[in-house]
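Notes follow the structure.
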Amino acid sequence: RVREAVVSTQSTGEKMPTKSVQVFGRKKTATAVAYTKEGNGMIKVNGVPIDLLEPSALRYKVLEPILLLGKKRFEGVDIRIRVRGGGATARVYAIRQAISKSLVAYYQKFVDETSKKEIKDILLNYDKSMLVADPRRCEPKKFGGPGARAKYQKSYR
């Protein structure tokens, strides 16, 4: 979903649309919504800078799109991400997907098609889940067993 906000300039008073896109990333039950607009390279997750993201063990997973594409591509944009649901790992993967998809959408809409294709190819060659959601979900438990597939042990006495 792409959204255009309207911002008024202070000096002339005329309304000018801001260059912005809104994209989501998903993993299991976690959903991350990334709002990308032109700016100076700030990336925040739930109001916290991306460098301070917890758990620290998974911080590199979130930084992968930035490390792959280089800071130069992120210099002209600000990304704000809201994450809800899921566990720590699922949230990290959802954030990572949202960052990747939002940059591709921003470049497609406001920059040129060739640089968008270049970004997309780099991300897809590294990991398909950066741009494509994983459809796997938890299977519900059934009766006659402790889980979705396992059955209780049979006893004859």
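Residues in the sequence shown are numbered from 1 upward in steps of one, following the working numbering.
Using N, Cα and C, we set each Cβ at its ideal position, and we do this for glycine too.
Excluding the 5 residues flanking residue i on each side, which residues of the same chain have their C-beta closer than 7 Å to its C-beta?
i	result
tyrosine 107	Ser115, Lys116 and Ile119
Along the chain, where does the beta strand (DSSP E) containing residue i start, and where does it finish?
i	result
threonine 18	15-18
threonine 29	Element bounds for threonine 29: n/a, residue is neither H nor E.
So, with DSSP's three-state summary, where would you put residue i?
i	result
arginine 80	strand
lysine 44	strand
proline 49	strand
tyrosine 60	helix
glutamine 153	coil
Starting from residue i and walking both ways along the alpha helix (DSSP H), at which residues does that stretch end?
i	result
valine 111	Looking at the DSSP string, valine 111 is not in any alpha helix (DSSP H), and its letter there is neither H nor E.
phenylalanine 74	71-74
Alpha carbon to alpha carbon, what distance is there between residue j and residue i?
i	j	result
leucine 124	tyrosine 152	43 Å
arginine 91	lysine 154	40 Å
glycine 87	aspartate 112	36 Å
threonine 29	aspartate 121	27 Å
proline 140	proline 49	36 Å
leucine 67	serine 100	11 Å
serine 8	lysine 37	Reliability fails at serine 8, whose pLDDT of 49 lies under 50, so the model's placement of it is uncertain and the value that follows must be treated cautiously. Distance between the alpha carbons of serine 8 and lysine 37 is about 15 Å.
leucine 103	lysine 27	18 Å
arginine 96	alanine 148	30 Å
alanine 32	methionine 16	28 Å
Given residue i, which residues of its chain have a CB within under 6 Å of its CB, disregarding the five upstream and five downstream residues?
i	result
lysine 44	Arg80
glycine 41	Phe74 and Glu75
With hydrogens ignored, establish whether the beta-carbon of residue i is closer than 7 Å to any heavy atom of the ligand NAD.
i	result
alanine 90	By its list of ligands, the structure shown contains no ligand whatsoever, and the ligand NAD lies outside what it can speak to.
Report yes or no: do three or more beta-carbon pairs, one from the segment 56-67 and one from the segment 15-32, lie closer than 8 Å? no
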